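Asker:
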Amino acid sequence: MKRCIILLLTFLPIFVMANTHIYHGTSTYSSDILYTWDGKHLYKGNSTYRSDILCTYDGKYVYQGNSTYRSDILYHWDGKYLYRGSSSYRSDILNHFDGQHIYQGSSSYRSDILYTISGKYVYQGNSSYRSDIVYTIDGLLPIPILLLVILN
42 MKRCIILLLT
52 FLPIFVMANT
62 HIYHGTSTYS
72 SDILYTWDGK
82 HLYKGNSTYR
92 SDILCTYDGK
102 YVYQGNSTYR
112 SDILYHWDGK
122 YLYRGSSSYR
132 SDILNHFDGQ
142 HIYQGSSSYR
152 SDILYTISGK
162 YVYQGNSSYR
172 SDIVYTIDGL
182 LPIPILLLVI
192 LN
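Here the sequence shown stands for residues 42 to 193, where the numbers follow the numbering used here.
#1: Which residues mark the beginning and the end of the alpha helix (DSSP H) in which leucine 187 is found?
#2: The beta strand (DSSP E) that contains lysine 85, what's its start and end?
#3: Please classify threonine 177 as buried or exposed, where buried requires at least 16 neighbouring CB atoms within 10 angstroms.
#4: Return helix, strand or coil for serine 159, following the three-state DSSP convention.
#5: Suppose you measure from the CA of serine 92 to the CA of lysine 81; what does that come to, to the nearest Å?
#6: Using only alpha-carbon positions, find the residue among Val103, Tyr70 and Thr69 that is nearest to leucine 83.
#7: Is it right to say tyrosine 116 is buried, meaning 16 or more other beta carbons lie within 10 angstroms of its own, or is it exposed?
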């Protein structure tokens, strides 16, 4: 039993450290990886090199590059709204997420739906048609990081 626990603790970090990839369209080919997420950093392409870090996320703020300095805050996430910079003013809301849809600004009108998230797919607009898939995600990805990816 003790050996089982030791083996589990030895290999657990390998399973926990699995990266999430964001692919273009419905593809899951490694050549179509646009971004890689490691749980803290977003990298361009299929890289996890320090030089390829696009942003860092701490659960509340998205920072430029590999920084966590207040001066490098790009976005603030409160669980429902994405704000510009470190602001929490309504006038600085960029997007609203209701659990399935990403809206323009603070709106919750159907006409302001930019993207729909269902399973591992991100659809353009208020759609669930295969032809409207813009991204495929093969793991867990925080909403503010997804917003950063699809809105840039």
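Every residue, glycine too, gets a C-beta built ideally from N, C-alpha and C.
This one's a predicted model, so the numbers in the text were calculated from it and none came from an experiment.
Answerer: The relevant details are as follows:
#1: On the sequence shown, position 146 is the one that residue 187 refers to. That run of the alpha helix (DSSP H) goes 184-192.
#2: Translated into the one-based positions of the sequence shown, residue 85 becomes position 44. Looking at the DSSP string, the run of the beta strand (DSSP E) that includes lysine 85 is 82-85.
#3: Reading the sequence shown from its first residue, position 136 is the one you call residue 177. Classification of threonine 177: buried, given that the 10 Å Cβ count is 16 or more.
#4: As a working note, residue 159 is residue 118 in the sequence shown. DSSP places serine 159 in strand when its eight states are reduced to three.
#5: Along the sequence shown, one-based indexing puts residue 92 at 51. Along the sequence shown, one-based indexing puts residue 81 at 40. Going by the C-alpha atoms only, they are around 15 Å apart.
#6: Numbered from 1 along the sequence shown, position 42 holds the residue referred to as residue 83. Comparing Cα positions, the closest option is Val103.
#7: The count along the sequence shown starts at 1 and reaches residue 116 at position 75. Sixteen is the threshold: when 16 or more other Cβ atoms of the shown chains lie within 10 Å of the Cβ of tyrosine 116, as they do, the residue is buried.
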